[in-house]
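All remarks here apply to the structure that follows.
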Amino acid sequence: MIRHHDDLVRSVREVREGRLSRRAFLASAVAAGFALPMAEAFLSRSAAAASAASLALQGEPQKGGQVIVGLSQEPTVFNPLKSTLEVDRGVQFGVFDSLWRIDQDAVLIPNLATEIPSVENGGISEDGLTYTFKLRDDAKWHDGQPFTAADVVFSHNTIVNPDFVAGTTIGHDQVTEISAPDDRTVTMSLKEPYAPFLTVWADTYIVPEHILKDVEDLNTAEFNSTAPVGTGPFTFAERVAGDHITLQANPNYHGPGPYLDTVIFKYVPDLTVLFTQFKTGEVDVTGIQGITADNVAEAKTLPDKVLHGDPTSFVEFIYMNFGKPVFQDKAVREALYAAMDKDNIINTVYYGVHTPTESYLSTKSWAYNPDLAKQVFDIEAAKKILDDAGWAPGADGIREKDGVKLSFSNSTTAGNKVREQAQQYLQQTWKEAGVDMQINNMPAAVIWGDYYNKSEYDSVMIGFAHPPDPDGTSRFHSDYIPVNGGGGQNTMQYKNPDLDKLWDEGVVELDQNKRAEIYKEAQQILRDDLAYLPIFQYVMVEGTKAGLENYKQNAFVVSNMWNVFEWYWSQGG
Amino acid sequence: MTNYLIRRVGQSALLLVLVTAIAFGLMRLAPGGPESVYALSPTMRAEDLARIRASFGLDQPLHIQYVKWATGMLTGDWGRSYRDSRPVRDVILDRVPATLELTITALAFAIVVGVTIGVLGALRPNSASDYLATIGAMVALSIPTFWFGLMVIFIFAEKLDWIPSGGRETLGAGFSLSDRLHHLVAPALVLGLVLVATWSRYTRATMLETIGQDYVRTARAKGVAERHVVWSHAFRNALGPLLTLAGIQLPFLFGGALVTESVFTWPGMGRLFVDSLGYRDYPVLMGVLVVTAILVIASNLLADFLVAFVDPRIRMR
């Protein structure tokens, strides 16, 4: 069903790739309220663009050249099973492959596998408990050895090996049995149906069994830091610690691509200097933190540069610790939200770059709920809510109820100037409503250590990127509170039985449309109950040198290096 | 002499143990830990973080961790970096060439220019050029290196396009000496400028002192050429404090320059330390600390011996 422009774009793609019939597309576009001629025009215009694009592909994008990607953090761990950090992923996207990629529209595209498993093609059993992956036969490791099903099994077994410190075991811990009946097939059994399973594998990069099986300690293998070997479009050439990493085109890649000869990751720790180097042409791409909001206006005026500004899956929140009595009163959370001047924060502190949001999900997610009530900034309303709930102003103007003062601290990473300013805006408007918020910031290594993970905070200002799957079990389910020994990421200690039920249902439901409904309801509950205070969805402004083609921002991966295999320099670029 | 040597070395070893124990304790008492960089990763759960901590041995009592680390050090095992799991010794040795390239250039520049300015100032105290040099030195010492470096980049790299805005070489272009020098100029001068100020002030002060000594007047009275008087009689005797200064700055040669290296994206020891600190990469931090501590202690010893050598008035017991 087409309801939004994004749906339309996705459907057009599906028609183009032959996965949706032209007639079905038109029917659903018309049902969505687009006039028939308009829908047709959409298709033909995009078809023209698509054929131009595929022509460009067939006419072989120009080969050669190098790209220098500037990073404000240094990639250090290249074993994709060990580190899942965005900075490391960037390099890993060049060197390794997963079975399928997830593209900018959340569509899975086969890579090391020949098809995406589904119930229809027999890749997923009716009960959702057995998966069969079909693998391609022409992929080779960088040392020339053939890629086989044994490598997939080995990669999975490494992740769940208790002696190995895997970056994450999510999804893989659902597997009860895995085997490779032949070189081209992998079969797996699951404990219970697990809907995000395919997106888990989209972010699981395959490592070579023949190299790693005899390594004594996988945690400290040379492979991890100096000699990674993958099947990917680029081979690892060198790392000069503290300076740069060089990747070279893999001439035996199973394709498509790569077109570039060389990709260099340059570590530039200072963001001001990084932007300068982008201006002077010393870096071609501003990776990771992109262009900071205060520099966006200037960046727009630069000749020979292209800016990319898509919403990401990063959302900025105020997380409140439900272990602290003051936040257990819903009236307090409502009042705090009403007294949050989002527009001022976004426009003044973030130069209007980001967009307000009400959900934990990216607007790009297929489960995003667009119908959530919009927050309205209204201090008087906030005061009234608190008055009605019995929070009366004390002698010092700070409200209190039953001897509890409406006073708490808010923490974020010290030195993050923009967040510190945003905190001051909050502090000010909340004070007007009779709420006392003290700012208590700490260095990153401190706040995101025990202070955050063991729920020692009152409230934090935090940016969080949700994985491509909308499942929120680990973040919001009451069984996943770390301080209660639950593992997980629910450091807010938020408990809501209705919501728990939805998470439990959603994760075993395989029908995406039904899942979308479940998660829309979950977003509604989270919004109504104000489990967190959402501020805005980050828009990542990144710059590339003009002439670099196929740079695509993708909210479903942590690094926009995801499709480096298809980057190329256009003529005269 | 031998006794003196043994005693000094023994004291130094004890000092080293104390320094490392205190540093080790302080580092761990500071809140936070290396797993925090993973905390905001969307796929990271509390149990994953606990696994990471345990794999680093951080779940054990502090004194056990220290004993493990210290016995490792004694047997030549410096441990492994938390960041890239490579041996700490390799991680540190990697940074030595870039560090020395920058610091030796900066220090050589500072000594030549600083000593010259200092001597000239001492010869014509309170002249216009002396005042100018004094003011210049004060300004150089007061400018924050961070800001100064950014200004240099803004003017000479961005606006005038004379120099690259950072890094050690043009990436992907292969090795070329002129390219390396081109990249070296700005950070070396920015780093050297502060040192010039220090060296010129020290030289001026000690030269003023020696130039007023009786033996200098005697030399002049004997009709010794002025140049010979300045360099052989006065300067040689002023060398003592300068050698001490060189001794103090020797560890800096290896320790690198935290700020300059960060601004000019120079892959040296200073940046390694800053990065490791942010990450709480304890083994690397301890490694850098031990190297620096040994250098400080050794260079102080060396400076003492050298001063005794050039100054016959000092004799060791």
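As given, the protein sequences belong to chains A and B, one line each in that order.
FYI, my numbering numbers position 337 of the first sequence as 337, with every residue one higher than the one before it.
FYI, my numbering numbers position 310 of the second sequence as 310, with every residue one higher than the one before it.
We treat Cβ as the ideally placed atom computed from N, Cα and C, and that holds for glycine.
Open item on the list: Quick check on the burial criterion: 16 or more other C-beta atoms within 10 angstroms. Buried or exposed for Ala382 (chain A)?
Closed with: Counted from its first residue, the first sequence places residue 382 (chain A) at position 382. With 16 or more Cβ atoms within 10 Å of its Cβ, Ala382 (chain A) is classed as buried.
Open item on the list: Just checking: is the beta-carbon of Val91 (chain B) within a distance shorter than 8 Å of some beta-carbon in chain A?
Closed with: By one-based count along the second sequence, residue 91 (chain B) stands at place 91. It does; some Cβ of chain A falls within 8 Å.
Task: Unbroken alpha helix (DSSP H) run spanning His63 (chain B), endpoints - done: Residue numbering aside, residue 63 (chain B) sits at position 63 when the second sequence is read from its first letter. From DSSP, the alpha helix (DSSP H) with His63 (chain B) extends over 62-74.
- [ ] Output the residue ranges of the beta strand (DSSP E) runs that lie fully inside the stretch 254-328 of chain A and measure 3 residues or longer, sorted by chain position.
- [x] 262-267, 305-320
TODO: Starting from the Cα of Ala433 (chain A), find the closest Cα among A:Ile291, A:Tyr131, A:Asn224, A:Leu336 and give me that residue.
DONE: One-based indexing of the first sequence puts residue 433 (chain A) at position 433. Nearest C-alpha to Ala433 (chain A): A:Leu336.
Task: His228 (chain B) classed as buried or exposed, judged by whether at least 16 other C-beta atoms fall within 10 angstroms - done: For this step, residue 228 (chain B) is matched to residue 228 along the second sequence. Answer is exposed; the Cβ neighbour count stays below 16.
Open item on the list: Counting only Cβ pairs nearer than 9 Å, list the residues of chain B close to Glu282 (chain A).
Closed with: Counted from its first residue, the first sequence places residue 282 (chain A) at position 282. By Cβ distance, chain B contributes Ala157, Pro164, Ser165, Gly166, Gly167, Thr170, Leu171.
Task: Anticipated Cβ contact below 8 Å, Leu184 (chain B) with Glu101 (chain B), distance rounded - done: Counting from one through the second sequence, the residue named residue 184 (chain B) turns up at place 184. Counting from one through the second sequence, the residue named residue 101 (chain B) turns up at place 101. Leu184 (chain B) to Glu101 (chain B), Cβ: 7 Å. Contact.
TODO: For Arg45 (chain A), name the three-state secondary structure that DSSP assigns.
DONE: For the purposes of this step, residue 45 (chain A) is identified with residue 45 of the first sequence, where counting begins at 1. Only weak support is given to the placement of Arg45 (chain A): the predicted model assigns it a pLDDT of 37, under 50, and the value that follows is read from those uncertain coordinates. Residue state, collapsed to three classes: helix.
Open item on the list: Let me check understanding here. Comparing Cα to Cα, which of A:Ile345, A:Lys330, A:Phe164 lies closest to Ile52 (chain B)?
Closed with: Locating residue 52 (chain B) in the second sequence gives position 52, where the first residue counts as 1. Ranking the options by Cα distance to Ile52 (chain B), first place goes to A:Phe164.
Open item on the list: Does Ala54 (chain B) come out as helix, strand or coil in the three-state DSSP assignment?
Closed with: For the purposes of this step, residue 54 (chain B) is identified with residue 54 of the second sequence, where counting begins at 1. In this structure, Ala54 (chain B) counts as helix in the three-state DSSP scheme.
Open item on the list: Looking at chain D, is there any beta carbon in it that lies within less than 8 Å of the beta carbon of Trp141 (chain A)?
Closed with: The structure shown has no chain D; the protein chains it does contain are A and B.
Open item on the list: If you reduce the DSSP assignment to three classes, tell me which class Ser165 (chain B) lands in.
Closed with: Residue mapping note: residue 165 (chain B) aligns to position 165 of the second sequence, counting from 1. In this structure, Ser165 (chain B) counts as coil in the three-state DSSP scheme.
Task: C-beta atoms of Gly287 (chain A) and Gly32 (chain B) nearer than 8 Å - done: Along the first sequence, one-based indexing puts residue 287 (chain A) at 287. Along the second sequence, one-based indexing puts residue 32 (chain B) at 32. If you check the CB distance, Gly287 (chain A) and Gly32 (chain B) do not come in under 8 Å.
Open item on the list: Assuming the contact rule is C-beta atoms closer than 8 Å, Thr357 (chain A) and Phe536 (chain A) should be a hit. Round their C-beta distance to whole Å, please.
Closed with: In the first sequence, the residue the question calls residue 357 (chain A) occupies position 357. In the first sequence, the residue the question calls residue 536 (chain A) occupies position 536. At roughly 6 Å, the Cβ-Cβ gap stays under 8 Å, so Thr357 (chain A) and Phe536 (chain A) are in contact.
Task: Three-state class that DSSP yields for Gly122 (chain A) in the structure shown - done: By one-based count along the first sequence, residue 122 (chain A) stands at place 122. Looking at Gly122 (chain A) - three-state DSSP - the assignment turns out to be coil, as it is neither helix nor strand.
Open item on the list: For a contact defined as C-beta to C-beta under 7 Å, what are the partners of Glu47 (chain B) on chain A?
Closed with: Position 47 of the second sequence, counted from the start, is the residue given in the question as residue 47 (chain B). Correct list: Gly487.
TODO: In the DSSP assignment, find the unbroken alpha helix (DSSP H) run with Met188 (chain A) in it and report its ends.
DONE: Your numbering for residue 188 (chain A) matches position 188 in the first sequence. That residue, Met188 (chain A), is in no alpha helix (DSSP H); its beta strand (DSSP E) goes 185-190.
Task: Within-8 Å CB hit, Thr265 (chain B) to chain A - done: For this step, residue 265 (chain B) is matched to residue 265 along the second sequence. Yes - at least one Cβ of chain A is within 8 Å of the one on Thr265 (chain B).
TODO: Verify the CB distance criterion: does Tyr452 (chain A) have a CB-CB separation below 8 Å to chain B?
DONE: Position 452 of the first sequence, counted from the start, is the residue given in the question as residue 452 (chain A). Judged by the 8 Å Cβ criterion, Tyr452 (chain A) is in contact with chain B.
- [ ] Could you please give the first and the last residue of the uninterrupted alpha helix (DSSP H) stretch that includes Gln524 (chain A)?
- [x] Numbered from 1 along the first sequence, position 524 holds the residue referred to as residue 524 (chain A). From DSSP, the alpha helix (DSSP H) with Gln524 (chain A) extends over 512-529.
Task: In DSSP terms, what Met461 (chain A) is bridged to - done: Reading the first sequence from its first residue, position 461 is the one you call residue 461 (chain A). BP columns for Met461 (chain A) point to A:Ile318.
Open item on the list: Quick check on DSSP: helix, strand or coil for Asn219 (chain A)?
Closed with: Reading the first sequence from its first residue, position 219 is the one you call residue 219 (chain A). Helix.
- [ ] Would you tell me roughly how many angstroms separate the C-alpha atoms of Thr145 (chain B) and Asp304 (chain B), rounded to the nearest one?
- [x] Within the second sequence, numbered from 1, the residue matching residue 145 (chain B) stands at position 145. Within the second sequence, numbered from 1, the residue matching residue 304 (chain B) stands at position 304. C-alpha separation (whole angstroms): 31 Å.
TODO: Please confirm if the stretch 510-521 of chain A is in contact with the stretch 324-333 of chain A, defined as three or more CB-CB distances below 8 Å between the two stretches.
DONE: no
- [ ] Could you have a look at Met27 (chain B) and say whether DSSP puts it in helix, strand or coil?
- [x] Here residue 27 (chain B) refers to the residue found at position 27 when the second sequence is read from its first residue. If DSSP states are grouped into helix, strand and coil, Met27 (chain B) belongs with the helices.
Task: His466 (chain A) and Tyr360 (chain A) closer than 8 Å at C-beta - done: For the purposes of this step, residue 466 (chain A) is taken as residue 466 along the first sequence, with counting starting at 1. For the purposes of this step, residue 360 (chain A) is taken as residue 360 along the first sequence, with counting starting at 1. A contact, by the Cβ cut-off of 8 Å.
TODO: Say whether chain B places a C-beta atom closer than 8 Å to the C-beta of Leu336 (chain A).
DONE: Within the first sequence, numbered from 1, the residue matching residue 336 (chain A) stands at position 336. No, no contact with chain B.
- [ ] Tell me, please, whether the CB atom of Gly257 (chain A) is closer than 8 Å to any CB atom in chain B?
- [x] By 1-based counting over the first sequence, the position of residue 257 (chain A) is 257. Not closer than 8 Å to any Cβ of chain B, the Cβ of Gly257 (chain A) fails to qualify, so no.
TODO: Return the residue from the list B:Leu123, B:Pro267, B:Trp199, B:Asp48 that minimises the CA-CA distance to Leu208 (chain B).
DONE: Along the second sequence, read from residue 1 onward, the residue named residue 208 (chain B) stands at position 208. Per the Cα distances, B:Leu123.
Task: Check whether Asn496 (chain A) and Ile518 (chain A) have beta carbons under 8 Å apart - done: What you label residue 496 (chain A) is simply residue 496 of the first sequence in a count that begins at 1. What you label residue 518 (chain A) is simply residue 518 of the first sequence in a count that begins at 1. Cβ atoms of Asn496 (chain A) and Ile518 (chain A): not closer than 8 Å.
- [ ] Have a look at A:Ala367, A:Asn161, A:Ala249 and flag the residue whose alpha-carbon is nearest the alpha-carbon of Lys213 (chain A).
- [x] As a position in the first sequence, residue 213 (chain A) is number 213, starting the count at 1. The shortest C-alpha separation from Lys213 (chain A) is found at A:Asn161.
TODO: Tell me Arg399 (chain A)'s beta-bridge partners as DSSP assigns them.
DONE: Numbered from its first residue, the first sequence carries residue 399 (chain A) at position 399. Arg399 (chain A) pairs with A:Pro393.
Task: Inter-residue Cα distance where the pair is Val215 (chain A) and Asn224 (chain A) - done: Your numbering for residue 215 (chain A) matches position 215 in the first sequence. Your numbering for residue 224 (chain A) matches position 224 in the first sequence. Spanning the two alpha carbons is a distance of roughly 11 Å.
Task: 8 Å Cβ cutoff, Pro233 (chain A) in contact with chain B - done: By one-based count along the first sequence, residue 233 (chain A) stands at place 233. For Pro233 (chain A), the answer is no, since every Cβ of chain B falls outside 8 Å of its Cβ.
Open item on the list: Counting only Cβ pairs nearer than 9 Å, list the residues of chain B close to Thr276 (chain A).
Closed with: In the first sequence, counting from the first residue as 1, residue 276 (chain A) sits at position 276. Within chain B, the residues placing a beta-carbon under 9 Å from that of Thr276 (chain A) are Leu150, Ile153, Phe154, Ala157, Glu158, Ser165, Gly166, ordered along the chain.
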